[in-house]
Amino acid sequence: TIALVASAVFVAGCSSDKSSSSSSSSSESSYKVSKEEKDYLSKRFAELTKTNNETVGYVYIPGTKLDEPIVQTNDNETYLNKTFEGKNVPLLGAVFMDMDNKKDFHDRLTWLFGHARGSKVEDHRMFKDVNYFDKQEYMDKHKYVVIETPERKYYYEAAFLTIVPETTSFYRLDFESDEDFLNQLTNVKKDATTKNDSVQLKATDKYLVLSTCREEDDTIRSNLYLRQIPDSEMNDFLAKHKDELKYQATR
């Protein structure tokens, strides 16, 4: 099994001012969250928060076995060993959001961390399946990721995967401007191991990173960058992909 080093250990170049985290522009859209979705999420999170009141979301990747609740607390160490159910299980823990991200996924860049588990472990818990995105064929077959929150679902498309040292300067949460954010994405993508060329980098988009360690060297990380589908594109996106994005439990 493989350890995931707490993100707080390798924070680089972060500002204490979070005011610039969110995109500075928004798009008008006719997209509305359906009553059916609201009712589903209400029941879903009522159950999840009974188990853990630090629940902020749920992540799954259709066609894979990645299927986990997301928690957030006031540090980036607790859930390295603490499971969603509250047990102490090193090298399992829980999927957790960076302590400084907004729990509503409205930051320009949101970070989620989870253990990779490794090939010697039979299960596919936490972020084991993230490392499979280092193969282009796998990325091409599993392009979409779903995040459920108490208010609504967010949909993401895989943009690129990078393999970097745990001390990477690309670990940032704050950006001074649209230009700063776009430069960051551009620089990170330059050395991507796999990429989805249909995703065009834009400063106004929001991104999610699924970060885990590599089996061959637990001091390096797989960071899977995902573009959030904006509300202006949601109606068309769901018309094409809704059926394939339905939740199927594998946990």
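For the sequence shown, counting from 1, position 145 maps to 145 in our numbering; every step adds exactly one.
Even for Gly, the Cβ is constructed at its ideal location relative to N, Cα and C.
Because the structure is a prediction, the values reported are computed rather than measured.
Residue interval of the alpha helix (DSSP H) (run including residue i)
i: Asn187; result: 178-190
i: Glu137; result: 136-141
i: Asp39; result: 35-51
i: Thr149; result: No alpha helix (DSSP H) contains Thr149, which DSSP labels as neither H nor E.
i: Phe237; result: 231-241
i: Leu91; result: That residue, Leu91, is in no alpha helix (DSSP H); it is neither H nor E in DSSP.
Residue i vs residue j beta-carbon contact at 8 Å
i: Asn81; j: Val89; result: yes
i: Tyr221; j: Glu68; result: Reading off the sequence shown, one finds Arg at residue 221, where the question assumed Tyr. It is not a contact, given that the beta carbons lie outside the stated cut-off.
i: Ala116; j: Leu226; result: no
i: His142; j: Thr212; result: no
i: Asp205; j: Tyr31; result: no
i: Phe45; j: Pro150; result: yes
i: Leu112; j: Leu185; result: no
i: Ala203; j: Phe181; result: yes
i: Arg152; j: Val33; result: yes
Own chain residues within Cβ distance below 8 Å of residue i, not counting five before or after
i: Thr73; result: Glu54, Tyr79, Phe96, Met99
Same chain, Cβ closer than 7 Å to residue i, five either side skipped, listed in chain order
i: Lys38; result: none
i: Thr51; result: Phe84, Glu85
i: Thr193; result: Asp134, Leu161, Thr162, Ile163
Classification of residue i by the beta-carbon crowding that lies within 10 angstroms, buried from 16 upward
i: Ala249; result: exposed
i: Glu148; result: buried
i: Glu179; result: exposed
i: Ile244; result: It should be pointed out that residue 244 corresponds to Glu in this sequence rather than to Ile. Burial call: exposed.
i: Thr219; result: exposed
i: Ala94; result: buried
i: Asp107; result: buried
i: Asn235; result: exposed
i: Lys246; result: exposed
Whole-Å CB distance - residue i paired with residue j, under 8 Å assumed
i: Leu92; j: Met139; result: With a Cβ gap of about 26 Å, Leu92 and Met139 do not count as contacting.
i: Val145; j: Val59; result: 7 Å
i: Leu173; j: Asn101; result: 6 Å
i: Val130; j: Leu41; result: Actually they are not in contact, since the Cβ atoms of Val130 and Leu41 sit about 24 Å apart, beyond 8 Å.
i: Lys189; j: Leu201; result: 7 Å
Neighbourhood of residue i by C-beta, 6 Å cutoff - its chain only, sequence neighbours within 5 removed
i: Asn196; result: Ala158, Ala159
i: Leu48; result: Thr55, Pro69
i: Ile229; result: Tyr155, Phe237
Endpoints, beta strand (DSSP E) assigned at residue i
i: Asn223; result: 217-228
i: Tyr60; result: 55-60
i: Leu210; result: 207-214
Residue-level contact to chain B via CB, residue i, 8 Å cutoff
i: Leu66; result: Reference to chain B is not applicable here, since this structure consists of a single protein chain.
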